[in-house]
């Protein structure tokens, strides 16, 4: 995460990681739902709802596969199962360009191979890979409905925050 976020080499990022981190089992989306992580809070809710699936938004380079092409960043929506919630405090570090402590909430997410169907509903059959994302990327807790061999995502009503991305160039 630090390598891509702060554009530093992995060897430098290793020196910025604290010796200890805290792991939490639940996370509250501001003014909305509580999300459970699979490894930190394994029991299901009283209504047997699996409250570990989330919708999140990241900025991706749509030209990442083209060598030497200038980057074009666009927001993209993803879905996944929250596996771990990690909270750490990064000490002041010249490599990060910070002279104060940086609180950081990181989420380990098992990404779903999701795509929209003909009715504009997000669905998936299988998982892809695991990734670590910033806690601010989470948009909503989502439910799932099994239909014809696929899982369809259902957005829960309530406060959903959308990120606004600012081009700093």
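Residue numbers (our numbering): 103 to 271.
Ideal Cβ placement from N, Cα and C applies to all residues, glycine included.
Buried/exposed call for residue i, threshold 16 Cβ in 10 Å
{"i": "residue 227", "result": "exposed"}
{"i": "residue 266", "result": "Legend: pLDDT at residue 266 = 49, less than 50; position of this residue unreliable, value from coordinates given subsequently. It is exposed - the Cβ of residue 266 has fewer than 16 other Cβ atoms within 10 Å."}
{"i": "residue 187", "result": "buried"}
{"i": "residue 174", "result": "exposed"}
{"i": "residue 211", "result": "buried"}
{"i": "residue 124", "result": "exposed"}
{"i": "residue 164", "result": "exposed"}
Residues bridged to residue i [DSSP beta-bridge criterion]
{"i": "residue 190", "result": "206"}
{"i": "residue 249", "result": "252"}
{"i": "residue 121", "result": "For residue 121, which the question treats as bridged, DSSP gives no partner whatsoever."}
Close beta carbons around residue i, own chain, < 6 angstroms, minus the five adjacent residues each side
{"i": "residue 157", "result": "181, 241, 242 and 244"}
{"i": "residue 204", "result": "192"}
{"i": "residue 237", "result": "207 and 209"}
{"i": "residue 252", "result": "225 and 227"}
{"i": "residue 215", "result": "226, 228 and 230"}
9 angstroms Cβ cutoff, residue i in contact with chain D
{"i": "residue 126", "result": "Here chain D cannot be found, since the structure has a single protein chain."}
Same chain, Cβ closer than 8 angstroms to residue i, neighbours up to 5 away in sequence not counted
{"i": "residue 256", "result": "244, 245, 246 and 247"}
DSSP-derived helix/strand/coil call for residue i
{"i": "residue 199", "result": "coil"}
{"i": "residue 158", "result": "strand"}
Residues near residue i by beta carbon distance below 7 angstroms, same chain, minus five either side
{"i": "residue 118", "result": "104, 192, 195, 197 and 198"}
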